[in-house]
Every structure is written in structure tokens, then in C-alpha cells.
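In what follows, a structure is listed as C-alpha cells, so that the remarks can point back to it.
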Amino acid sequence: MQKWVGLLDCNNFFVSCERLFRPDLKGKPVMVLSSNDGCVVARSQEIKDIGVPMGVPLFQVKDIIKDNNVAIFSSHFALYRDVSRRVFAVLRREINAIEQYSIDEAFFVLVGSAESVEARALVLKDIIERETGIPVSIGVARSKTIAKYASTVAKKTKGVKLLAAKEWKSLQSKIELREIWGVGAKTSQTFRKNGLLTVADFVNLEKRTVKTLFGVVGERLLSELNEISASGLTRALEPQKSILHTRSFKETTLDIEVLKDAVSHHLREAAEDLRSMGFLTKSFTVYLGTSRHGDYLLQGGSKNLILLTPTNDTFTLMKEAMKAVDGLYKAGVLYKKAGVLLTDFSPAAGAQLSFLEDEREIRTKQLMPLLDLVNKKNGRGSVLLGTRLKTDEWQSAQMKKSPAYTTNWKDVPTVKA
DNA sequence: TCTGGGGTCCTAGGACCC
DNA sequence: TCTGGGGTCCTAGGACCC
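In the working numbering, the protein residues as written are 124 to 540.
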């Protein structure tokens, strides 16, 4: 029995989510923008065909939008996460072990002959599309990296592609290394310097040579491209290792109070995520950033804070975070971004009690679950800890956001008969 | 005028130790 | 006069991904 790796990939995922509730946009050009409506982060097939690249700033494609009557949406993550959850719930029901790799992709294992596995993949695609309304593609091969490539072929053909040894070998001299998952701009440049352009060039190298020139990453890539799986579905079982909350501001700011407002907002949300995952954090980082474009490029900074006792208590974290902002802040610098990164997790259940914990800490600790419950019921941010400025100076601009069709009762569509 | 946010893994280099 | 080297642990930052 042969063991295969499948990769399920949702087509133009954010666009497909928006189209679920706007069926009139099927077959029409649609884009989804990043926060602040800054760049294009998802494109319908029609937009890709016009030649709009991924990640391009919105202002550079204004004319194209006008000329082609493009429908535009601000990104709406609550909606995408909810649709994602539905898609992978169906996949999980059909295939017991899956490794969700991103909001719109998951790996899984299939066992059997090439013919039977391909037939199974076609059925899976059909079931998911029928039950969720989201179009998907499936790539199948003997390793994740090849399955990933197969899924790009699938998108251009009937939606499912199984790449077995013979066909894969015949393709190798036609596939550039840059097209391979894990080979970015930097790595492909290094490859080129060594005279390696295609997959065929690379897989013909000695294992020892690859290790010397390209390290463990290169070595792993070599075996993956030689149909020897270098990583199983291990990540499926491993807990998340960090939580990052950050956002660019609408406008730059000189004001430390605005920065504190933003940092405390991100910290509240990150701590809420942490609690919902059942973790404590022992180490976290506060970032203040400047614009990536302009005079203050290197003026930002970050501070890593190590806690005496692991915690998920918003108050305890907040105190430290505000001190960190005081330490990082430089007067006269135009800030454009702030964020919080939580790391070094441990399970909240059965955590050691600290003798240093005072009365207040114990009381607020009991408050946290209640706070999360209220916010879950009434929407994030309905009850807040700490002060909150009246300013929305640091918030992001979202001009084109779709209604919260699936995550907020007031936006649920009604059917009229 | 206008350029995202949320992740993972790896590596180089400093601090420290014997 | 002579002035090690190897190990570990940690962190910041790079590279990559969607």
C-alpha cells in the first residue's frame, strides 16, 4: 500500500468567502485588501488574469479597478476564520488526521493505489464544495513539497492533481526552483549563484554537497523533492508557540498616550487568546514601529519582558507592558505601528502557585474567565480592563468591510419569501 | 498622499562556564 | 615569555509562508 500526502487548498480564499454572501459577484473581478486598505491580499481569478500581483499597494492599481469595475472588500478576519473552521470541520470528518497549515490549507494522508487515491480526492473536493460553498483544489504526491506543487497544477486543471514518480521526474527540468515551496527570493538567488536553476539541477546533487552549501534546510528540501517525506503530520499535534497582535496606525503619531492605548488594546486581545488556548506566558515582547518608508525607519524598538511567574492575567501583563512603552518611547519620533508578542507558553491547568502573588492578583485572576465570557457573548471589547483613550487615532481604516454575516447576530442575512 | 498581520523555523553571535 | 577552546543557553533577526 502506498502512502500519499494530500494538500487541500481553498481557491482565492478571502474572495471566495466574500462571494458566499454576494453570489452576484461570481465570475466578476473581486479583490480583498489588507488592514488600512493598504495592499491587495486576495484576488479573484479575473484579477489574476488582468495581471494584478499579490501584495501590490492599492493606489498603484486604482486605474485597473475603475476600468474593470472591480468589487473591493476590506479584510474581514472574523468571517474568514469562521468559514475556514467550517471547511476543515468537513475535511476532518472525512479524513481523521489533518494538519491545518494556514487559514486556507491543510495536509492529510491518503493510502492506496494512485488511481484510488485520486478518485478519493475528487470525491473530497466535491463534498467540501457542496457543503461549504468554497471552491477548493487538492494536490497529492509522496511528500508535502511535491503535493504543494501538485496543488498549483490542480488549480489550472480539473481541481485535483496526483503527481506520481514518473510524471514528477519528467517535470523536474521544467520547474524553476523559485516555484518550489520554501524557496524564496534569497534562497533562489543563492541557488542561481551555484548554477542551480531547475528542480532537476538540484536533485542531482550529492546529499553531502547540499548539506555543506545549504545547511539543514537544503538537506530537507532535497529529500522532499526526491519523494522522501522529511516531515510527517507532526505539527497537527503541537500547540501554537506564539501569539502576535499588531497593527499599523491610520496615521503616524508622536504621542506616547496613543502608543499606550494601542499596546494595551493588543495586549488585551492577545491575553484573551492566550486564556482561550489554556496557556500561561512567561515572556512577552512589546514593539513600537515606525514607517517602513521614510526617515524614521530604524527608530522603532522592542523590549522583551521575562516574568517571574507565568501568567495570563491582563492586569499583570499590562503593568509591565506600560513600563516597557515608557522605556522604548523616544520623543520626536513618528510612530506608525505597535504590537505585542506573547511567547514561552505553559499549560494553565496545574500551574505552580507563586508565593509572590498578592491579594489583587488573585482577585483579578478570578475575574478573567468572567470577562472573556461577557466579551464572547457581546462581541470583543464590550467590557475592557484598564483605561481606554477616546482616540481612535491608532486604529486602522476599513472602508469596505462586509457585514459580519456569520459571527454577529445583527448581520445574519435574512431570507424573504 | 497611499505599501498587512500572524505564524514557524533556523542561525549567528554574545554571555557564561569549565 | 605565555594569553584556549569547547560547550550551552539565550536572543535578535533573517527567511519563508499564507
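Glycine included, each C-beta is placed from N, C-alpha and C at the ideal position.
Keep in mind the model is a prediction, meaning the values are calculated, not measured.
- Between residue 532 and residue 526, the alpha-carbon positions lie close to 10 Å from each other.
- Contiguous beta strand (DSSP E) elements confined to the region 158 to 209 occur at 163 to 166 and 194 to 197, taking only those with 3 or more residues.
- DSSP places residue 492 in the helix class (H, G or I) of the three-state scheme.
- For residue 441, the uninterrupted alpha helix (DSSP H) run begins and ends at 437 to 451, by DSSP.
- Around the beta carbon of residue 490, fewer than 16 other beta carbons sit within 10 angstroms, so the residue counts as exposed.
- For residue 291, no beta strand (DSSP E) run applies; the uninterrupted alpha helix (DSSP H) run containing it begins and ends at 288 to 294, by DSSP.
- Linking residue 494 to residue 321 through their CA atoms gives a straight-line distance of about 55 Å.
- Taking a cut-off of 8 Å on C-beta distances, the region 135 to 153 touches the region 169 to 178, as three or more cross pairs fall below it.
- Within the model, the alpha-carbon separation for residue 308 versus residue 294 is close to 22 Å.
- Counting only residues of its own chain and dropping the five nearest sequence neighbours on each side, residue 424 has a CB closer than 7 Å to the CB of 411 and 451.
- When secondary structure is reduced to three states using DSSP, residue 258 falls in the coil class, being assigned neither helix nor strand.
- Look at residue 524 here: in three-state DSSP terms it is coil, with no helix or strand label.
- Under the DSSP assignment, residue 221 falls in the beta strand (DSSP E) whose first and last residues are 221 to 225.
- Ranking 183, 319 and 260 by CA distance to the CA of residue 241 puts 260 first.
- Taking 8 Å as the upper bound for CB-CB distance, residue 372 and residue 460 are in contact here, some 7 Å apart.
- Taking the C-beta atoms as reference points, residue 402 is found nearer than 7 Å to residue 468.
- If you check the CB distance, residue 263 and residue 288 do not come in under 7 Å.
- As a beta-bridge residue in DSSP terms, residue 154 pairs with 166 and 195.
- Assignment of residue 341 by DSSP, reduced to helix, strand and coil, places it in the helix class.
- Between the beta-carbon of residue 435 and that of residue 397 there is about 5 Å, and that keeps the pair under the 8 Å contact cut.
- Counting the other CB atoms within 10 Å of its CB gives residue 227 a total of 16 or more, which places it among the buried residues.
- In the three-state scheme derived from DSSP, where H, G and I count as helix and E and B as strand, residue 409 is classed as strand.
- Taking residue 135 as the centre and dropping the five residues before and after it, the same chain places the C-beta of 165, 166, 167 and 168 closer than 7 Å to its C-beta, in chain order.
- In this structure, 344 is the residue among 331, 249, 339 and 344 with its C-alpha nearest to the C-alpha of residue 323.
- Residue 368 is bridged by DSSP to 463.
- Residues 159, 160 and 373 of the same chain have their beta carbon placed closer than 7 Å to that of residue 520, with the five preceding and five following residues left out of the count.
- Around the beta-carbon of residue 284, 16 or more other beta-carbon atoms lie within 10 Å, marking it buried.
- When the beta-carbon positions are compared, residue 233 and residue 129 come within less than 7 Å of each other.
- According to the DSSP assignment, residue 132 belongs to the beta strand (DSSP E) that extends over 126 to 133.
- Contact check for residue 496 against residue 440 fails: the beta carbons are separated by 7 Å or more.
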